[in-house]
Amino acid sequence: MCRKYGTAAMFAFWLIVLICPGGCSRAAEKESRMGQQSMNDSLAGWPREVRKVEIVSSRDSAIQPALFWLPESGGQPAPLLVALHTWSGDYLQADGALWLEQARRRGWVFIHPDFRGPDDNPQATGSETATADILDAVEFAKVQVAVDTQRIYLAGLSGGGHMSLLTASRSPALWAGVSAWVPIADLARWHAECVERGNKYAADMEASCGGAPGASTAADSQYALRSSLPSLGALAGVPVEICAGIHDGHTGSVPVGHTLRAFNALAAANGKPEKMLTAEQIAWFEARESVPPELSTEREEDPAFGENKVLFRRSAGPARVTIFEGGHEGLPEAACEWLAVQSKGR
């Protein structure tokens, strides 16, 4: 999936940490069964301090890899950033290092899980198994280092934005803030959009869901299960921001309507139906790549967005939507600036 991120090439020192699940003594078991192995492989785009870890899935006992970084211990619990790879990526995706850069600046713990790799099979693509892998990554981090459980953050771009919204809706009590960029909110709708544009992602969804939408009742139920839009009501009261470039769907693969419809669902969940956009306004955004005239005053200066100027911003309780000048891209610095002020109970 087309995205805008910068990368660099570095050599890495890999540390493999083997973890086995347990019962009431799970933390002690994990600590006692850790091992280390030096590897000379290169890990393009990631700093050498990053460790490769392996976590035994709580759902099916499969070994799931992740990249992990923790700040120097200062004796105080640190916030945790869980950053998710894109639709066609995996835990080694070098673009994820931009999220790590922001975590390092702030002294946050960082983990970049695999959650079954690219979204082209039933084990991935919004499955409950993939969600379990993300939650296992959080538990892993909490065992390794003191994590501030009032400040656990989830973020991702594109397929990572899709999985951020979906995972948060399945575990809303865990997250202090969720930042989703150019997310897919409705897989059935996106399938039709991909077919129209000739994008390969339609085939990925069919492989994951058991066919095209309408092929069978079972396939339709999978499209719904793996989409965040039907379940966003669970995020009432949770700080969630959703951002998209206004040209996405034209220069990119996910029309901005996914972001706007997801915001509508959050506005309704937060008891702010008056903040919902109309179908006509969403159609205007998508077709004209511009803000409807009646919404043109709902913009603000946000230095964190830099040259990607905010064109439209609206809040509904703790939910916020931003449409910016850009395409199918994410801005980790802007995301983490917003996440940094989110804390449970604040």
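In short: position in the sequence shown from 1, add 4, done, that's the working numbering. Glycine included, C-beta positions come from ideal geometry on N, C-alpha and C.
Asparagine 268 sits buried, since 16 or more C-beta atoms from the chains shown fall within 10 Å of its C-beta. Runs of the beta strand (DSSP E) spanning 3 or more residues and lying entirely within the stretch 175–239 occur at 181–185, in chain order.
Within the same chain, Thr133 come within 8 Å of aspartate 64 by CB-CB distance, once the 5 residues on both sides are set aside. Under the Cβ criterion (8 Å, minimum of three pairs), the stretch 275–290 does not count as touching the stretch 229–238. Across the set Glu284, Asp306, Phe309, Ala308, the C-alpha of Glu284 shows the shortest separation from the C-alpha of proline 297. DSSP, read as helix, strand or coil, puts alanine 128 in coil. A Cβ-Cβ distance of about 5 Å is found for the pair leucine 85 and alanine 107, placing them in contact under the 8 Å criterion. Take aspartate 190, set aside five residues on each side of it, and the residues of its chain with a beta-carbon closer than 6 Å to its own are Ser231, Leu233, in chain order. In the same chain as serine 225, and ignoring 5 residues on each side of it, no C-beta atom comes closer than 7 Å to its own. Between valine 295 and the set Lys146, Ala320, Leu229, Val260, the nearest pair of CA atoms involves Val260. Inter-segment contact for the stretch 212–226 and the stretch 263–282 is absent: fewer than three beta-carbon pairs are separated by less than 8 Å.
It is roughly 33 Å from the alpha-carbon of proline 176 to the alpha-carbon of glutamate 311. Closest in C-alpha terms to aspartate 118, from the list Gly160, Glu341, Pro187, comes Gly160.
Remark: C-beta atoms of isoleucine 250 and leucine 315 approach each other more closely than 8 Å. Between the alpha carbons of glycine 165 and leucine 139 lies a gap of roughly 16 Å. In the DSSP annotation of this structure, histidine 262 is not part of any beta strand (DSSP E); the continuous alpha helix (DSSP H) holding it starts and ends at 261–273.
Where glutamine 285 is concerned, the enclosing alpha helix (DSSP H) starts and stops at 283–292. Residue pairing from DSSP leaves leucine 104 without any beta-bridge partner. Per the C-alpha coordinates, the member of Ile115, Lys56, Ala180, Trp91 positioned closest to aspartate 124 is Trp91.
The C-beta of glutamine 346 has 16 or more other C-beta atoms within 10 Å across all chains shown, which makes the residue buried. According to DSSP, residue pairing for tryptophan 73 in a beta bridge involves Phe114.
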